[in-house]
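Peer 1: The structure that follows is given in the form of structure tokens.
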Amino acid sequence: MRFHWLIALVALGIVYAFVFIYRDHLAFTLFGDEVHFWQTVLLFSKEPIPSVHLLNNYPEVIAPLPFMIAGWVINLFGPEIQYLRILNFGLSFAILMLFLKLSPNPGRFWLAALGLILFPYYYFCSTIFYTDILALTFILLGWLFYLKQVHWASCLFFIAAISSRQYAVVFPAIILCYEVSPLVFRFTSWQAAVRWVQDRPYLFYYVIAGLTLIAWVIFWGGLGPAPEVARQKYNDTVHKLTYNPGFVLYASACIGLYYVLPEILLTRTLQFYAWDTKQRTWLIGWVILIGLMITFFPAEQMYDGFFVVQNLGFFDRHLELVGIKGLGKQLIFGALMFLTILRFASPKSGMAVG
Numbered sequence: 016m017r018f019h020w021l022i023a024l025v026a027l028g029i030v031y032a033f034v035f036i037y038r039d040h041l042a043f044t045l046f047g048d049e050v051h052f053w054q055t056v057l058l059f060s061k062e063p064i065p066s067v068h069l070l071n072n073y074p075e076v077i078a079p080l081p082f083m084i085a086g087w088v089i090n091l092f093g094p095e096i097q098y099l100r101i102l103n104f105g106l107s108f109a110i111l112m113l114f115l116k117l118s119p120n121p122g123r124f125w126l127a128a129l130g131l132i133l134f135p136y137y138y139f140c141s142t143i144f145y146t147d148i149l150a151l152t153f154i155l156l157g158w159l160f161y162l163k164q165v166h167w168a169s170c171l172f173f174i175a176a177i178s179s180r181q182y183a184v185v186f187p188a189i190i191l192c193y194e195v196s197p198l199v200f201r202f203t204s205w206q207a208a209v210r211w212v213q214d215r216p217y218l219f220y221y222v223i224a225g226l227t228l229i230a231w232v233i234f235w236g237g238l239g240p241a242p243e244v245a246r247q248k249y250n251d252t253v254h255k256l257t258y259n260p261g262f263v264l265y266a267s268a269c270i271g272l273y274y275v276l277p278e279i280l281l282t283r284t285l286q287f288y289a290w291d292t293k294q295r296t297w298l299i300g301w302v303i304l305i306g307l308m309i310t311f312f313p314a315e316q317m318y319d320g321f322f323v324v325q326n327l328g329f330f331d332r333h334l335e336l337v338g339i340k341g342l343g344k345q346l347i348f349g350a351l352m353f354l355t356i357l358r359f360a361s362p363k364s365g366m367a368v369g
């Protein structure tokens, strides 16, 4: 074992042990969405292999795999929410250990690890039974096997990820876009395009993974079980043929805040790969696009009568707490989105630098 592995294992082990004790051994009362998640888990615990009726009528809009797994866990260990939190807590630690194993040097590992630990949602979702950690685990394993070119395994993990959180469909879609982009930009003829695809049969694994979401939509007749979709008024929001690009603005700003800025501060290096490409026309285009988003699609919460949270997240909330609202807040989001684009718009960007 490398020395920095041992140091990281001990340091993170102490942190996790402290959190485990501080959080009452994860045995505290149900919190937030756990209240209704727990009832759903109990339903799935009664049907370890769920019936078609249950899959069509369970009271969530989240895909069912985490509740199936949770049902198996409580059937094995007992009907306590603590066991499900311990599952998430253990997976959270395992994700950091996987980063440790894969990182080529200590600097790269600590940058990735600190980015996760400092990200408030990671700590939050690691100590309660929310479905994000399970989905994140499957997504990470899907990426790992893609990079190792074990495409059938990557496909299976992405299917599991999409069956945990529907948004995970973006990850096989991103892989397909990345793989197919050379064909699009160097298109010569349809015959050459067909031969190009035939030379890369592994791409169909990611098509299959992406079709998982379509399969669930067909099965449900929508983006989730129909009774719950109706109760949460999704037909008045998500199912409309509209989308608020402001969510992209805020999500990109969060990446800039939680990843790009810490990377710059910790490494004292500006890894602006998009700028290095010297494609300034593209950068001007991004600036114009961000300006249009700020003007016509500002980052704002839906606040639609069912979802009554007024802020988009911690960052949004704290900006308003210090009095930054309106256009000033949107300009900050736009600046951070541009920073994220500079860091990641080029395929050369990779991950953390050490």
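By the working numbering, the letter at position 282 of the sequence shown is numbered 297, and the numbering carries on one by one without gaps. All residues carry an ideal CB built from backbone N, CA and C; glycine is no exception.
#1: Give the secondary structure of VAL195 by DSSP, where H, G and I count as helix, E and B as strand, and everything else as coil.
#2: Excluding the 5 residues flanking PHE134 on each side, which residues of the same chain have their C-beta closer than 6 Å to its C-beta?
#3: Could you give the C-beta distance for PHE114 and GLY157, rounded to a whole number, given that I count them as a contact under 8 Å?
#4: Evaluate the contact criterion for the segment 301-314 versus the segment 345-358: three or more CB pairs, one atom per stretch, below 8 Å.
#5: Given a cut-off of 8 Å on the beta-carbon distance, is the pair SER179 and LEU80 in contact?
#6: Considering only the alpha carbon of each residue, which of TYR220, VAL34, TYR182 and ALA176 lies closest to GLU370?
#7: For LEU238, report the span of its alpha helix (DSSP H) as first-last.
#8: When you compare each of ALA241, THR142 and LYS61 to ILE36 by their alpha carbons, which one comes out closest?
#9: Going by DSSP in three states, GLN325 sits in which element: helix, strand or coil?
#10: Using three-state DSSP, classify ALA78 as helix, strand or coil.
#11: Under the three-state reduction of DSSP, which class applies to LYS344: helix, strand or coil?
#12: Taking the straight line between their C-alpha atoms, what separation do you get for LEU106 and ILE148?
#13: Taking DSSP as the reference, what is the three-state secondary structure of GLY225?
#14: Using 8 Å as the cut-off, can you tell me whether the segment 95-102 makes contact with the segment 115-127, which would need three or more C-beta pairs spanning the two stretches below that distance?
Peer 2: The relevant details are as follows:
#1: DSSP places VAL195 in helix when its eight states are reduced to three.
#2: Taken in chain order, the residues that qualify are TYR273.
#3: No, PHE114 and GLY157 are not in contact; Cβ-Cβ is about 15 Å, not under 8 Å.
#4: Under the three-pair Cβ rule at 8 Å, the segment 301-314 counts as touching the segment 345-358.
#5: In this structure, SER179 lies near LEU80, with their beta-carbon atoms less than 8 Å apart.
#6: Because the chain here runs from 16 to 369, residue 370 falls outside it and cannot be looked at.
#7: No alpha helix (DSSP H) contains LEU238, which DSSP labels as neither H nor E.
#8: Closest by alpha carbon: THR142.
#9: It is coil, neither helix nor strand.
#10: Note: ALA78 maps to coil in three-state DSSP.
#11: In the three-state DSSP reduction, LYS344 falls in the helix class (H, G or I).
#12: Taking the straight line joining both Cα atoms gives about 7 Å.
#13: Helix at GLY225.
#14: Segments in contact, no.
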